[in-house]
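Everything below concerns the one structure shown next.
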Amino acid sequence: MKQNIKLEPIMDFTYHAPIVYLAKQGYGIGYTLRGSVENELNSGELYELSVKEISLLHHLGIIYNPKYLSISAKKLFEIIESINNK
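And the structure:
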């Protein structure tokens, strides 16, 4: 059954710890890898929601100094640029 609920993220975290902390404090919902909250799920501190049809795409920014790139890193950037230019 479709609920027509639109999720609007108001925060984005690099690590799962703040997501878990805020959810445990009742500040909202979050998503992270199930394995990282297995204990909290088993103890009942957190609850799992089953959500279908959700996009998990994120934009990724990479910060680097081109002066210190390895050959492998340069090749990786070439691959990424070729994908982005399609």
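Be aware that the sequence shown starts at 1, since it is given in the working numbering, and climbs by one per residue. Note that the Cβ used here is the ideal one computed from N, Cα and C, for glycine as well. A quick note: this is a predicted structure, and the numbers were derived from the prediction, not measured.
Entirely enclosed alpha helix (DSSP H) segments - the region 18-55, minimum 4 residues: Counting only runs of 4 or more, we get 38-43.
How would you write the range of the alpha helix (DSSP H) that F77 sits in, first residue to last? First-last of the alpha helix (DSSP H) with F77: I71 to N84.
Open item on the list: I'd like to know if the region 46-55 and the region 68-84 are in contact, where contact means that at least 3 CB-CB pairs between them fall below 8 Å.
Closed with: No, the region 46-55 does not touch the region 68-84.
Problem set entry | Buried or exposed by the 16-neighbour rule on C-beta atoms within 10 Å, applied to A73 | With fewer than 16 other Cβ atoms from the protein chains shown falling within 10 Å of its own Cβ, A73 counts as exposed.
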